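A.B. asks:
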Amino acid sequence: MADTMQFDLVSPERSLHSAQVTRVQLHGEEGEMTVMPNHVPTLTLLRPGFMTVHEGGEVHDYVVTGGFAEIGPDGLTVLAEQASLRADVTTDWIERVIDAAEKAALDAPADIHITMNQRVNHARFLAQQLGITPNI
309 MADTMQFDLV SPERSLHSAQ VTRVQLHGEE GEMTVMPNHV PTLTLLRPGF MTVHEGGEVH
369 DYVVTGGFAE IGPDGLTVLA EQASLRADVT TDWIERVIDA AEKAALDAPA DIHITMNQRV
429 NHARFLAQQL GITPNI
């Protein structure tokens with residue numbers, strides 16, 4: 309049994325992390341999960357939240373606004389809508405996330421309006437968890 313797995317975190321702008329890791333904790337659509345080597349193959353939507361990557365003796369904390377996670381026995385690939393190291397998140401960054409979610413909710417068709425409003429609430433909750441008070 310392998311002790312590590314390949315982990316890749318990418319956003320439309322760039323690749324944020326690519327390494328052999330021991331585990332990754334993330335917020336899937338159905339709840340929190342920990343991905344480790346030899347995980348059963350899974351594809352899940354990601355909720356806005358924190359992602360913790362354990363790489364050797366180091367821990368890397370990221371903020372992810374949503375996306376997809378493709379999990380397999382040999383690794384995990386996260387395709388994030390937006391992502392940043394937690395330490396790099398600013399008030400401006402989180403305000404842009406909230407603003408984009410609010411605009412998407414306003415423009416959403418009636419059949420997904422509730423889902424889009426939940427994304428706004430998730431973004432605001434994320435700001436609260438970061439200790440950031442948005443000005444919007």
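Mind the numbering: the sequence shown is residues 309 to 444 in the numbering used here, read in order.
C-beta: ideal position from N, C-alpha, C; glycine also.
Small disclaimer: the values here were computed from a predicted structure and weren't measured.
(1) Within 10 Å of its beta-carbon, does Ser-323 have 16 or more other beta-carbons around it, so buried, or fewer, so exposed?
(2) Count the other CB atoms within 10 Å of the CB of Thr-441; is the residue buried (16 or more) or exposed (fewer)?
(3) Which whole-angstrom value describes the C-beta separation of Ala-413 and Arg-427, a residue pair presumed to lie in contact below a C-beta threshold of 8 Å?
(4) Helix or strand or just coil, what does DSSP make of Leu-414?
(5) Are the CB atoms of Gly-380 and Ala-388 nearer to each other than 7 Å?
(6) Could you have a look at His-368 and say whether DSSP puts it in helix, strand or coil?
(7) On the premise that Thr-312 lies in contact with Gln-328, defined as a C-beta separation below 8 Å, what is that separation, rounded to the nearest angstrom?
C.D. replies: Put simply:
(1) Residue burial annotation: Ser-323 is exposed, with fewer than 16 other C-beta atoms found within 10 angstroms of its C-beta.
(2) Thr-441 is exposed by the Cβ-count criterion.
(3) 7 Å
(4) helix
(5) No, the Cβ-Cβ distance between Gly-380 and Ala-388 is not below 7 Å.
(6) In this structure, His-368 counts as strand in the three-state DSSP scheme.
(7) 4 Å
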